[in-house]
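First residue of the sequence shown? That's 2 in my numbering, and the numbers climb one at a time after it.
Heads up, the beta-carbon is just placed ideally off N, CA and C, and yes, glycines get one too.
Remember, it's a predicted structure, so these values are computed and weren't measured experimentally.
Notes follow once the structure below has been shown.
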Amino acid sequence: MATKILVSRRSVQLLRILVSGIFLVASFNHLLNVEKTIQRIEQANFKGIAYFFGEPQWLIILSGIVMLIAGFLFLIGYKTKWAAIVLMAVLIPITLTIQVGQITTLGPLFKNIAIIGGLLFFVLNDTNNLLK
Numbered sequence: 002m003a004t005k006i007l008v009s010r011r012s013v014q015l016l017r018i019l020v021s022g023i024f025l026v027a028s029f030n031h032l033l034n035v036e037k038t039i040q041r042i043e044q045a046n047f048k049g050i051a052y053f054f055g056e057p058q059w060l061i062i063l064s065g066i067v068m069l070i071a072g073f074l075f076l077i078g079y080k081t082k083w084a085a086i087v088l089m090a091v092l093i094p095i096t097l098t099i100q101v102g103q104i105t106t107l108g109p110l111f112k113n114i115a116i117i118g119g120l121l122f123f124v125l126n127d128t129n130n131l132l133k
């Protein structure tokens, strides 16, 4: 038997809108500052993770496009669960590559962990029925 938890419809919408903002901003950053992002990868302790997936320049452009599309879909609430899954699939390797293993990036590391928590809310809950 599932326990029913009442949640404000407006709070779910606000959470979705606020979480999507980070991906929209990051997508433009990736697409407009490719060289700067490559430098961040080169300085990362776990840059091998990025190289495992391919050439960093193409990964940055691809991740920028994916974050832009999935972030927009997440923002407007279209296929929210799938958009959240795609965004997590992009965010996890970025987090492991850039933030893990660097003491100076503990704040951004835990910010990304919190964002993953926000995305998990939409993966684990049927928010479409909640908002109808």
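By how many angstroms is the C-alpha of residue j removed from the C-alpha of residue i?
i	j	result
Ile61	Lys112	20 Å
Ala148	Gly102	Only positions 2 to 133 of the chain appear in this structure, which leaves residue 148 out of reach.
Ser9	Glu56	44 Å
Leu76	Ile116	14 Å
Thr81	Phe47	31 Å
Thr38	Thr4	44 Å
Gln44	Phe29	21 Å
Trp59	Leu107	27 Å
Phe53	Leu32	21 Å
Asn34	Ala27	10 Å
Ile6	Asn126	11 Å
Ile86	Asn129	15 Å
Glu36	Gly118	30 Å
Between the beta-carbon of residue i and the beta-carbon of residue j, is there less than 8 Å?
i	j	result
Leu25	Gly78	no
Ile95	Ser64	yes
Ile42	Thr98	yes
Leu69	Ala84	no
Val13	Leu120	no
Phe122	Leu15	no
Report the CB separation of residue i from residue j in whole angstroms; it is logged as a contact under 8 Å.
i	j	result
Leu1	Gln100	Only positions 2 to 133 of the chain appear in this structure, which leaves residue 1 out of reach.
Val67	Val91	6 Å
Shortest alpha-carbon distance to residue i belongs to which of the options?
i	options	result
Ile114	Thr4, Val13, Ile23 and Asn46	Ile23
Helix, strand or coil: how does DSSP classify residue i here?
i	result
Lys37	helix
Val87	helix
Asn126	coil
Tyr79	coil
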